[in-house]
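J.: Below is one structure. I have some questions about it.
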Amino acid sequence: MPSTESVLSDEELKALFGAMKCCDCELHTDNSCKYCGIPYCNAICFNAICDEHEKLCKNFAKLPELERVKNNMRCKIPKLQQLELPPSGSSVQITAFEQTNVVYIRSVDMHSSVAYIKILSTVMRKGKCAPKLKHLPQTGQIVIYKFDREIVRAMVLNVDDPQAIYLVCVDFGNIEITTLDSLYECSTDLAELPRYAIPVLLRGIPRRYMRPEVRNVLYQIHDTFSFVLKYNEREFDSNGGMQRVLLFEREMNLSLNRLMKTLLTPVEPSFDIPGLTEKFLNHVSLPTGKNKKLVIMSNFYCNIGLLYCTTLDFAYEITLMQRDMQVYGESEKAFTYFAPSRGELCIAKYYGKWYRGKCVNLVGNGYPSILFIDYGHITPIHINSIRRYPPQFDFPILTTEFDIVDQPNDLTDEMIARLKNHFLTGSIIEFDEVIFNEKQNNYSLRINDLFKILNGA
Numbered sequence: 001m002p003s004t005e006s007v008l009s010d011e012e013l014k015a016l017f018g019a020m021k022c023c024d025c026e027l028h029t030d031n032s033c034k035y036c037g038i039p040y041c042n043a044i045c046f047n048a049i050c051d052e053h054e055k056l057c058k059n060f061a062k063l064p065e066l067e068r069v070k071n072n073m074r075c076k077i078p079k080l081q082q083l084e085l086p087p088s089g090s091s092v093q094i095t096a097f098e099q100t101n102v103v104y105i106r107s108v109d110m111h112s113s114v115a116y117i118k119i120l121s122t123v124m125r126k127g128k129c130a131p132k133l134k135h136l137p138q139t140g141q142i143v144i145y146k147f148d149r150e151i152v153r154a155m156v157l158n159v160d161d162p163q164a165i166y167l168v169c170v171d172f173g174n175i176e177i178t179t180l181d182s183l184y185e186c187s188t189d190l191a192e193l194p195r196y197a198i199p200v201l202l203r204g205i206p207r208r209y210m211r212p213e214v215r216n217v218l219y220q221i222h223d224t225f226s227f228v229l230k231y232n233e234r235e236f237d238s239n240g241g242m243q244r245v246l247l248f249e250r251e252m253n254l255s256l257n258r259l260m261k262t263l264l265t266p267v268e269p270s271f272d273i274p275g276l277t278e279k280f281l282n283h284v285s286l287p288t289g290k291n292k293k294l295v296i297m298s299n300f301y302c303n304i305g306l307l308y309c310t311t312l313d314f315a316y317e318i319t320l321m322q323r324d325m326q327v328y329g330e331s332e333k334a335f336t337y338f339a340p341s342r343g344e345l346c347i348a349k350y351y352g353k354w355y356r357g358k359c360v361n362l363v364g365n366g367y368p369s370i371l372f373i374d375y376g377h378i379t380p381i382h383i384n385s386i387r388r389y390p391p392q393f394d395f396p397i398l399t400t401e402f403d404i405v406d407q408p409n410d411l412t413d414e415m416i417a418r419l420k421n422h423f424l425t426g427s428i429i430e431f432d433e434v435i436f437n438e439k440q441n442n443y444s445l446r447i448n449d450l451f452k453i454l455n456g457a
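Using UniProt numbering, read the sequence shown as starting at 1 and increasing by one per residue.
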C-alpha cells in the first residue's frame with residue numbers, strides 16, 4: 001500500500017490483496033471460487049451468478065482436486081429456495097446486517113413466524129445427528145454449522161484457507177468465519193427448506209465501513225424492534241438483485257434509514273469542542289506466534305529498526321475505510337485552516353488523498369508534522385490541508401509498530417537500501433516470529449535471515 005495512495009486502483013487492489021470486482025455488483029471483494037476464480041461478495045451475489053458459475057466451473061471438471069471433492073460429497077449441491085419479499089406495509093424483523101446499506105429481514109406475521117421457527121427447530125433437531133464433513137466443502141455448498149450450542153444451515157462462501165472458511169448463515173444472513181471442525185453434512189431435505197431471511201437495500205444509504213458505533217446500534221435494535229416495510233417495486237435494484245426499501249418503527253416513529261444516514265454522515269466539530277486524541281480509538285492487537293504473514297504498511301523507519309505492519313484482512317479493511325475519508329475530506333469545509341494541537345487527531349491531505357493523522361510536532365511555518373496512524377510515516381502538512389477529526393470516525397487502529405529483533409544500529413546506506421527493498425511497502429512478508437513484549441508493551445519481529453538480507457547474501 002504505497003504511502004502516496006489511499007484509494008487504490010483495481011489493479012493495485014488485485015495485486016496487494018487479491019481483491020477483484022464482484023461479477024454481480026462490481027464492488028471489490030476478496031471472495032472467489034477456489035477452482036474457477038469467479039469473484040463474488042456474498043451469498044446474495046453468489047446466487048445471482050449461480051448459473052454462469054456452474055457453466056464456467058464445468059470447464060474445470062477434469063481437475064483431479066475438483067473431482068475428488070465431488071466424489072467425496074457424493075451429492076448435488078441444492079439451490080436455496082428463497083421466499084418472495086413481503087408486501088409493502090408488512091411488519092418485518094431484521095435478522096442480520098453485514099453492510100451499512102444491506103439488512104436481512106423476515107416477515108413477522110403469524111403464519112410466517114410459525115413456519116420460520118419450525119424450520120429453525122427442524123434444522124436444530126436433525127442437525128444434531130448430521131455426520132461431520134471429512135473434506136473441505138465446495139463454494140456454494142449448503143452445510144450444517146455448529147457453534148455455541150447453536151445448529152444452523154450455512155452456505156460456504158470461500159474455502160481458500162482451511163483455517164478461515166467463510167460462510168453465511170442462510171436463515172439469518174450473518175457471515176461467519178470458521179474451520180472444518182465446526183461443519184457437518186446437510187441433507188438434501190434440510191438444504192431445500194425455504195429461506196425466510198431476505199436481503200434488502202436501505203434506500204438512500206451508501207455502502208460505508210461498518211464502524212463499531214454503527215454495529216452496536218444495529219445490534220441493539222435488530223432483536224428488539226419490528227419495522228414496517230415500505231417500498232415501490234419500480235425501485236428494484238436489478239444489478240444487486242435487491243429491493244430498495246424504507247423501514248419504520250411504528251411506536252417510536254423511528255426511521256431506520258434516517259438513523260443510518262445520521263450515523264454515517266461525519267460532521268466537522270466546531271472549535272468550542274475539544275479535539276480527540278488517540279485514546280478515542282481502539283487499537284486492535286495482531287496475532288503473535290511463529291511463521292506469521294503481515295502486510296508492510298510503511299518501511300519509512302526501517303533504518304532505525306521499525307516496521308509498520310498489519311494483517312492481510314486488516315489491510316483490506318483500511319483500504320475500505322479510506323473511501324469514507326475521501327468523502328469527508330472533499331466535503332464543504334467549516335474552517336479554511338486548522339492547526340491541530342500536539343497529540344490531536346485530524347484528517348490530513350497527502351498527495352491528493354485524505355488520511356487519518358495525529359499531530360506529533362507543532363512548528364511556526366504552518367506545516368505541523370502529522371503521523372498517519374494507518375500507515376506509520378510522518379510528514380509536514382500545511383494547515384489548509386488539515387481538517388478536524390469527526391467523532392463519527394471511530395474506526396479502530398489496525399496498524400502496529402514493530403521493532404526488528406537484533407537489527408544493528410550502524411547500518412550503511414547500502415544495507416538500508418537492501419532492507420527497504422526487501423520489505424517493500426505493500427508487500428506480504430512471512431516473518432519467522434511475531435512477539436508481544438509485555439514489559440515494554442510493544443511488538444517485535446524476528447527475522448532469521450536478517451543478516452543475509454543486510455549483506456545481500
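We put the beta carbon where it would ideally sit given N, CA and C, even for glycine. Every value quoted in this text rests on a predicted model; they were computed, and no experiment measured them.
Taking only three categories from DSSP, how would you classify A164?
T.: Note: A164 maps to coil in three-state DSSP.
J.: Run through DSSP, which three-state label would C302 get?
T.: Three-state result, C302: helix.
J.: Could you tell me if K358 is buried or exposed, where buried requires 16 or more neighbouring beta carbons within 10 angstroms of its beta carbon?
T.: K358 is buried by the Cβ-count criterion.
J.: For L286 versus I105, is the C-beta distance shorter than 8 Å?
T.: Contact flag unset, no.
J.: Report the rounded CA-to-CA distance for A130 versus S107, giving the unit in angstroms.
T.: Cα to Cα, the separation comes out at about 29 Å.
J.: Inspect the beta-carbon positions of I142 and R153 and report whether they are closer than 8 Å.
T.: Against a cut-off of 8 Å, the Cβ pair of R153 and I142 comes out as a contact.
J.: Go ahead and pull the three-state DSSP assignment for L66.
T.: The predicted position of L66 is uncertain, since its pLDDT is 38 and thus under 50; no value can be drawn from it.
J.: Start and end of the beta strand (DSSP E) containing I175?
T.: I175 to T178 is the span of the beta strand (DSSP E), which, as asked, contains I175.
J.: Suppose you measure from the CA of T179 to the CA of D160; what does that come to, to the nearest Å?
T.: Distance between the alpha carbons of T179 and D160: 11 Å.
J.: Identify the residues that DSSP records as bridge partners of A348: which are they?
T.: In DSSP, A348 forms a bridge with Y355 and I386.
J.: When you compare only the Cα positions, how much space is there between I383 and F436?
T.: Distance between the alpha carbons of I383 and F436: 37 Å.
J.: Is the CB-CB distance between Y375 and M297 below 8 Å?
T.: Yes. Within cutoff.
J.: For F314, which residues in the same chain have their Cβ closer than 6 Å to its Cβ, ignoring the five residues on either side in sequence?
T.: The residues are L398.
J.: Keeping to the same chain, check which residues put their C-beta closer than 8 Å to that of N441; ignore five residues upstream and five downstream.
T.: So no residue of the chain qualifies.
J.: What is the rounded straight-line gap between the Cα of S88 and the Cα of V245?
T.: Rounded to the nearest angstrom, the two C-alpha atoms are 9 Å apart.
J.: What first and last residue would you give for the beta strand (DSSP E) that runs through Q99?
T.: Residues S91 to Q99.
J.: Exposed or buried, which one is V363 when buried takes at least 16 other CB atoms within 10 Å?
T.: Per the 10 Å Cβ criterion, exposed.
J.: Around the C-beta of E330, are 16 or more other C-beta atoms found within 10 angstroms, so that it is buried, or is it exposed?
T.: E330 should be labelled exposed.
J.: Under three-state DSSP, which class holds S444?
T.: Strand.
J.: Please classify P162: is it buried, with 16 or more other beta-carbons within 10 angstroms of its beta-carbon, or exposed?
T.: So P162 ends up on the exposed side.
J.: Give me whichever residues DSSP pairs with Q107 in a beta bridge.
T.: Note that residue 107 is Ser in the sequence shown here, rather than Gln. BP columns for S107 point to V92.
J.: Can you give me the C-alpha to C-alpha distance between N101 and Y337, rounded to a whole angstrom?
T.: Roughly 34 Å separates the two Cα atoms.
J.: Just verifying my parser: in three-state terms, what is the DSSP assignment at N437?
T.: Residue state, collapsed to three classes: strand.
J.: Assuming R211 and F423 are in contact, meaning their beta carbons sit under 8 Å apart, how far apart are those beta carbons, in whole angstroms?
T.: Contact doesn't hold; Cβ gap of about 31 Å is too wide.
J.: Quick one: residues in its chain with C-beta nearer than 7 Å to the C-beta of N303, no 5 flanking neighbours on either side, listed in chain order?
T.: Closer than 7 Å at Cβ, skipping near neighbours: L411 and I416.
J.: In its own chain, which residues sit with a C-beta less than 8 Å from the C-beta of S427, not counting the 5 before and 5 after it?
T.: Within the same chain, S427 has close Cβ partners V295 and I296.
J.: According to DSSP, which residues form a beta bridge with P380?
T.: Its beta-bridge partners are S369.
J.: Spell out the partners DSSP gives G289 in its beta bridges.
T.: Answer by DSSP bridge pairing, in chain order: V434.
J.: Does the structure place the stretch 175–193 close enough to the stretch 201–208 that three or more beta carbon pairs sit under 8 Å?
T.: Because the criterion of three Cβ pairs below 8 Å is not met, the stretch 201–208 and the stretch 175–193 do not touch.
J.: As a quick exercise: from T224, P266 and M242, pick the residue whose alpha carbon is nearest that of L254.
T.: Of the listed residues, the one whose Cα sits closest to L254 is T224.
J.: In the DSSP assignment, what residue or residues form a beta bridge with R153?
T.: I144.
J.: What are the start and end residues of the alpha helix (DSSP H) that includes K230?
T.: From DSSP, K230 is part of no alpha helix (DSSP H) but of the beta strand (DSSP E) over F227 to K230.
J.: Classify A96: buried if its beta carbon has 16 or more other beta carbons within 10 angstroms, exposed otherwise.
T.: Burial call: buried.
J.: Using 8 Å as the threshold, is the C-beta distance between Q190 and V123 below it?
T.: Position check: residue 190 holds Leu in this sequence, whereas Gln was assumed. Yes, they are a contact pair.
J.: Given a cut-off of 8 Å, decide if I151 and K132 are closer than it, judged by their beta-carbon atoms.
T.: Going by C-beta atoms, K132 is not nearer than 8 Å to I151.
J.: Can you give me the C-alpha to C-alpha distance between Y116 and N174, rounded to a whole angstrom?
T.: Cα-Cα distance, rounded: 16 Å.
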